[in-house]
Amino acid sequence: MKPLYVAGASFWAVAPEAILAAGGMIVLLSASFLRPRARSVPTILSCLVLLAGAVAAVLAIASDAYPSAAFDGTIALDGFATFMKVTVALGALVTILASQHFLSAEGGPAGEFLGLVLFASSGMMLMASAADLIVIFIALETFSLAFYVLAAYRRRRLDSQEGALKYFLTGSFSSAFFLYGTALVFGFAGTTRLAGVADAVRNSSAPRGLLVAGLALLIVGLGFKVAAVPFHMWTPDVYQGSPAPVSGFMAAGAKAAGFAAMLRVLMTAFDSSVSDWRPVLTGLAVLTMLLGSIVAVAQTNVKRMLAYSSIAHSGFLLIGVAAANSRGISGSLFYLLAYTFSIIGAFAVVYAIGRPGEERVTLKDYRGLGTREPFLAGAFALFLVSLAGIPPTAGFWAKFEVFSAAVSAGQTPLVVLGVLASAVAAFFYLRVIVLMFLEDSPEWEGTPAPSTAFSMGLAIIVAGAVVVIVGVLPGPLLKLAGDSLLLFR
Amino acid sequence: MSIPILSIVVFLPLAGALLLALVPKDADRSIRAITLLITMATFLASIVVVVWFKAADSGFQMVERHQWVPTAGAHYTLGIDGISLWMVLLTTLLFPISVLASQRVEHRVKAFHVVLLVLETGILGVFLATDLLLFYVFWEAMLIPMYFLIGMWGYGRRVYAAVKFFLYTLVGSLLMLAGIVALYFIGGRTFDLTELTRAEIGFNPQMWLFAAFFASFAIKVPIFPLHTWLPDAHTEAPTAGSVVLAGVLLKMGAYGFLRFSIPLFPDASRGFAPWLALLGVIGIVYGGAVSIVQKDLKRLIAYSSVSHLGFVVLGIGALTTSATSGSVLQMVSHGLSTGLLFLLVGMLYERAHTREIADLGGINRLMPVFGGVFLFASLASLGLPGLSGFVGEFLILNGTFDVYRGLAIVGTTGVVLAAVYLLWVYERVFTGPAKIPESQRRSIWRDMSVREIIVVAPLVALILFIGLYPKPLLARIEPSVVRMLDTAGGVVEVAAR
Numbered sequence: 003m004k005p006l007y008v009a010g011a012s013f014w015a016v017a018p019e020a021i022l023a024a025g026g027m028i029v030l031l032s033a034s035f036l037r038p039r040a041r042s043v044p045t046i047l048s049c050l051v052l053l054a055g056a057v058a059a060v061l062a063i064a065s066d067a068y069p070s071a072a073f074d075g076t077i078a079l080d081g082f083a084t085f086m087k088v089t090v091a092l093g094a095l096v097t098i099l100a101s102q103h104f105l106s107a108e109g110g111p112a113g114e115f116l117g118l119v120l121f122a123s124s125g126m127m128l129m130a131s132a133a134d135l136i137v138i139f140i141a142l143e144t145f146s147l148a149f150y151v152l153a154a155y156r157r158r159r160l161d162s163q164e165g166a167l168k169y170f171l172t173g174s175f176s177s178a179f180f181l182y183g184t185a186l187v188f189g190f191a192g193t194t195r196l197a198g199v200a201d202a203v204r205n206s207s208a209p210r211g212l213l214v215a216g217l218a219l220l221i222v223g224l225g226f227k228v229a230a231v232p233f234h235m236w237t238p239d240v241y242q243g244s245p246a247p248v249s250g251f252m253a254a255g256a257k258a259a260g261f262a263a264m265l266r267v268l269m270t271a272f273d274s275s276v277s278d279w280r281p282v283l284t285g286l287a288v289l290t291m292l293l294g295s296i297v298a299v300a301q302t303n304v305k306r307m308l309a310y311s312s313i314a315h316s317g318f319l320l321i322g323v324a325a326a327n328s329r330g331i332s333g334s335l336f337y338l339l340a341y342t343f344s345i346i347g348a349f350a351v352v353y354a355i356g357r358p359g360e361e362r363v364t365l366k367d368y369r370g371l372g373t374r375e376p377f378l379a380g381a382f383a384l385f386l387v388s389l390a391g392i393p394p395t396a397g398f399w400a401k402f403e404v405f406s407a408a409v410s411a412g413q414t415p416l417v418v419l420g421v422l423a424s425a426v427a428a429f430f431y432l433r434v435i436v437l438m439f440l441e442d443s444p445e446w447e448g449t450p451a452p453s454t455a456f457s458m459g460l461a462i463i464v465a466g467a468v469v470v471i472v473g474v475l476p477g478p479l480l481k482l483a484g485d486s487l488l489l490f491r
Numbered sequence: 024m025s026i027p028i029l030s031i032v033v034f035l036p037l038a039g040a041l042l043l044a045l046v047p048k049d050a051d052r053s054i055r056a057i058t059l060l061i062t063m064a065t066f067l068a069s070i071v072v073v074v075w076f077k078a079a080d081s082g083f084q085m086v087e088r089h090q091w092v093p094t095a096g097a098h099y100t101l102g103i104d105g106i107s108l109w110m111v112l113l114t115t116l117l118f119p120i121s122v123l124a125s126q127r128v129e130h131r132v133k134a135f136h137v138v139l140l141v142l143e144t145g146i147l148g149v150f151l152a153t154d155l156l157l158f159y160v161f162w163e164a165m166l167i168p169m170y171f172l173i174g175m176w177g178y179g180r181r182v183y184a185a186v187k188f189f190l191y192t193l194v195g196s197l198l199m200l201a202g203i204v205a206l207y208f209i210g211g212r213t214f215d216l217t218e219l220t221r222a223e224i225g226f227n228p229q230m231w232l233f234a235a236f237f238a239s240f241a242i243k244v245p246i247f248p249l250h251t252w253l254p255d256a257h258t259e260a261p262t263a264g265s266v267v268l269a270g271v272l273l274k275m276g277a278y279g280f281l282r283f284s285i286p287l288f289p290d291a292s293r294g295f296a297p298w299l300a301l302l303g304v305i306g307i308v309y310g311g312a313v314s315i316v317q318k319d320l321k322r323l324i325a326y327s328s329v330s331h332l333g334f335v336v337l338g339i340g341a342l343t344t345s346a347t348s349g350s351v352l353q354m355v356s357h358g359l360s361t362g363l364l365f366l367l368v369g370m371l372y373e374r375a376h377t378r379e380i381a382d383l384g385g386i387n388r389l390m391p392v393f394g395g396v397f398l399f400a401s402l403a404s405l406g407l408p409g410l411s412g413f414v415g416e417f418l419i420l421n422g423t424f425d426v427y428r429g430l431a432i433v434g435t436t437g438v439v440l441a442a443v444y445l446l447w448v449y450e451r452v453f454t455g456p457a458k459i460p461e462s463q464r465r466s467i468w469r470d471m472s473v474r475e476i477i478v479v480a481p482l483v484a485l486i487l488f489i490g491l492y493p494k495p496l497l498a499r500i501e502p503s504v505v506r507m508l509d510t511a512g513g514v515v516e517v518a519a520r
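Top to bottom, those sequences are chains Y and G.
Per the working numbering, residue 3 is the first one in the first sequence, and the count goes up by one each step.
Per the working numbering, residue 24 is the first one in the second sequence, and the count goes up by one each step.
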């Protein structure tokens, strides 16, 4: 297959993103022309588009003759990008499956929803392979805009409006921070290409004030996106206000994209100034995991609890970033994949239990669920155990990898804080399991069981299977994550 | 040896749990039968292990080693030596007994047996893994079924007890995880126990790592003052849970010291050993003293475990062949006698629906056989010569006497305390006038049924056997203990037998 070159550009390099963007438009249009009864057609179409995107991402690096960078060095084609793209595509796939029930039960416009999920995925994919600060910004805006709309999908509900508005405002701020950081870095390096910035950081004799300020603003901008403390304020409100499947996708996808960009920027453009950013990230990691874990203990709304838990997970991921070694990068990749399936699965269950309108999202609604809904309760327990990082689930290996990376980087105290935060986190995960299995709920007896649509069940089973299989046999996937770094640049 | 017998032992119960998943929910009888068969089959498989075990070989035998997580350097490595051999056998013996003893469990029967089988796999994996990461996975994975066992089928304050158990253990485990990860990098990028034992680790890192592992093992044993989860968990757990907790789970902590802490951190272990011995003696005296004043029969036995495990810790701290071999034997013996006591208390509770010592009395008149077995178990527990408890405690005190004379003397009071609390409780509950109204006696207060006798018989027989003829056990324990102490630079002498 001869790559299609147009003026120094290889469109094959952005094939996954292009497939998703084009597919998103087709899905959007198809939903308008199809009769409402053919509701499953756009869904199946979007699933196929996502699979095609994943396959295209794999094919892009399968060939040896393939350029490792395209569009004049603004797009990187490497295992890292591919791993992230496949993660995003699979996460989106499970999200779409989990959203079917929401779409049919609450009567939202399905075409727009699916289209937005595809557009967001396209932006997140681009984020993973962007090797230029401006391209990162474009990707950031692409998926953020889609998320602003998705967050407001229940537009008649106050909490949805509130969350979406907050998300939009803080998101705009963070974009501005990122853009301003880009400008400062450009002022220092004279380029926004990451490779060019790396050269300048190494060789330039210009005063470094601009560089450090720019780097700090870039970290703030990305810190907002990954919900690192103290840039996390929007997270609980947005996750609470969005439909649960969207919250899951946001928690997984936005975090994956944010961390992909953070890893690439820090480890390629700023790899020679590790001493500048490592203390900052270490501090962020400590704050994020401790605050996330501790505040989650006080939550009574399950969605808010998961939001704070997702903040805590950002803290654990930051440990991997702060390790600043290859184990840290591959560990973060693995972490993001394990986390994607755990959190999307967990939010899918939250929707299934909350039922249309999500009226039942407080902890007391989970009381005695183990008796009434053994499947949902069991699946939720599995996802929580994985989020808590207890073997044999994928979440354990994720934590193990980032902790190992930190220890090998000589950051053992950070790991000790990490395990203590994990213990706090285990407490609130455990509390939900206690409520579900160890307490009875006479008052709910006799009410009809929450309906689990086929696609919802499928989403939960797929996510659960990944969590367990990867948990028992993490070897192949860890190897894949490690191999992904061979061409990392 | 081409048959992966150790893997079979570990995963047979898990396979049984998967099989149970296919059985309809309300087919109680088949569920119980299948579980019993599976646990018996596991026991038979472990008998095969005992037969194949070469007594003279002090290293790991029947080793299985496969790649597991290559990028992390973790292998699937199982092996057995004289220390783990009896732990495995104790586990596989106590599980069928627990299943038989749980015939009265009528609430979520299927889940109960699935949890029990998963738990067995976890425990056996802990005893057989010789790769640190594999060990950790089993160690943690076992927490969840145990948590459900206490929380779903326990008594009274079961939720509190389950959560307390879980969090205590988890905090310790997580600190150990940090230690394991650090050890991997310090010890030459491997999780293999044998390779790590050969690694040269400086004294300071050894101290830190020992502390990290200590956090986990000391909570599990439990060593005073980390024992407060134990009385709650043991008291509120269902009978099967208490038997497994006391019989096997507590041994995992002591086993961890013997298997990991001492061989991996020999210098730190020698530094900590006197403190370990001291903590052991505190546990002996404290546990014994607190047992005396307990009002709840089950809680009394729970506290007696703190005392008995104190002996085990004392023997480990002594680092002499006879004391440490005695610790291993005491672990087995405590598993048998305390397991038996918990079974008996469970049977009593099924009849009386109370465990308050004050509400019971004169049971010997109603159930003479039961009273006899209880007396036997008490005597075994307090270390009457001729029964299993004596051998272990004697070896421990004898071996400790050479190195820590004062501690050994104080430790001896533990035997006296045990006599006080056990015989006094026997007197209050079993002798004297019956406190139960005449009308209830015939219907409920039947003496032990055939099933119950079958449940207790193997334990009674083994207690007698070990008490009279401990040589087959010691002959297999000792070479491994000598080898372990040798690598750790402990005092090696020929044990008194």
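Cβ atoms here follow ideal geometry from the backbone N, Cα and C, with glycine treated the same way.
- Beyond the five residues adjoining it in sequence on each side, A455 (chain Y) comes within less than 7 Å, by CB distance, of Q102, H103 in the same chain, given in chain order.
- For a cut-off of 8 Å, the C-beta gap from L491 (chain G) to G362 (chain G) is around 19 Å, too long to register as a contact.
- Shown here for T436 (chain G): same chain residues with a beta carbon closer than 7 Å to its own, the five before and five after excluded, namely V308 in chain order.
- Using a CB distance cut-off of 9 Å, V72 (chain G) does not count as an interface residue toward chain Y.
- Here the stretch 231-248 of chain Y does not lie against the stretch 322-342 of chain Y, with fewer than 3 beta-carbon pairs under 8 Å apart.
- Annotation: G473 (chain Y) to P391 (chain G) spans about 52 Å, alpha carbon to alpha carbon.
- Across the structure, T62 (chain G) and L139 (chain G) are spaced so that their CA atoms are roughly 10 Å apart.
- Pairwise C-beta distances place the stretch 371-381 of chain G out of contact with the stretch 269-284 of chain G, as fewer than three of them are shorter than 8 Å.
- For M175 (chain G), at least one C-beta of chain Y is nearer than 9 Å to its own C-beta.
- Within chain G, the residues A201, A205 have their CB atoms less than 8 Å from the CB of T414 (chain Y), given in chain order.
- Residues of the stretch 459-483 of chain Y with a C-beta less than 7 Å from any C-beta of chain G: P476, G477, L480, K481, listed in chain order.
- Secondary-structure assignment with DSSP links L101 (chain G) through a beta bridge to G:E87, G:A152.
- Closer than 9 Å to the CB of V92 (chain G) there is at least one CB belonging to chain Y.
- The beta carbons of S32 (chain Y) and L120 (chain Y) sit about 12 Å from each other, so the pair does not count as a contact at 8 Å.
- The criterion of a C-beta distance shorter than 9 Å is not satisfied by F385 (chain Y) and L371 (chain Y).
- For E163 (chain G), the C-beta contacts it makes with chain Y under 8 Å involve I392, P393, F398, in order along the chain.
- With fewer than 16 other beta carbons inside 10 angstroms of its own, N227 (chain G) counts as exposed.
- Neighbours of A185 (chain G) across chain Y, judged by C-beta separation under 8 Å: V436, L440.
- Runs of the beta strand (DSSP E) spanning 3 or more residues and lying entirely within the stretch 326-351 of chain Y do not occur at all.
- Against L35 (chain G), chain Y offers no close residue; the least beta-carbon distance is about 17 Å (beta-carbon pairs closer than 9 Å).
- For A229 (chain Y), the CB contacts under 6 Å within the same chain, skipping 5 residues up- and downstream, are T237, I313, S316 in chain order.
- Taking K187 (chain G) as the centre and dropping the five residues before and after it, the same chain places the C-beta of W252, D255 closer than 6 Å to its C-beta, in chain order.
- Around the beta carbon of Q301 (chain Y), 16 or more other beta carbons sit within 10 angstroms, so the residue counts as buried.
- Here V92 (chain G) is bridged, per DSSP, to G:A97.
- Bounds of any alpha helix (DSSP H) do not take in F73 (chain Y), whose DSSP letter is neither H nor E.
- Considering only beta carbons, no part of the stretch 115-131 of chain Y lies closer than 7 Å to chain G.
- Taking CB atoms only, V194 (chain G) has a neighbour in chain Y less than 9 Å away.
- The CB of L197 (chain G) comes closer than 7 Å to the CB of V421, S424, A425 in chain Y, given here in chain order.
- As DSSP reads the structure, I77 (chain Y) sits in a beta bridge with Y:A72, Y:A132.
- Per DSSP, V46 (chain G) lies in no alpha helix (DSSP H) segment and is marked neither H nor E.
- Taking 9 Å as the cut-off, the beta carbon of L335 (chain Y) is found no closer than this to the beta carbon of A287 (chain Y).
- Distance from the CA atom of A390 (chain Y) to the CA atom of F398 (chain Y), rounded to whole angstroms, is 8 Å.
- Non-local beta-carbon contacts of T262 (chain G) in its own chain, meaning distances under 7 Å to residues more than five positions away in sequence, involve A124, S125, F365, L366, G369 in chain order.
- Its chain contains M291, L292, S295 as the residues whose beta carbon lies nearer than 6 Å to that of A423 (chain Y), once the 5 sequence neighbours on both sides are disregarded; these appear in chain order.
- In the same chain as A185 (chain G), and ignoring 5 residues on each side of it, the C-beta atoms closer than 6 Å to its own belong to Y170, I173, G174, in chain order.
- By the Cβ-count criterion, D215 (chain G) is buried, with 16 or more other Cβ atoms from all chains shown falling within 10 Å of its own Cβ.
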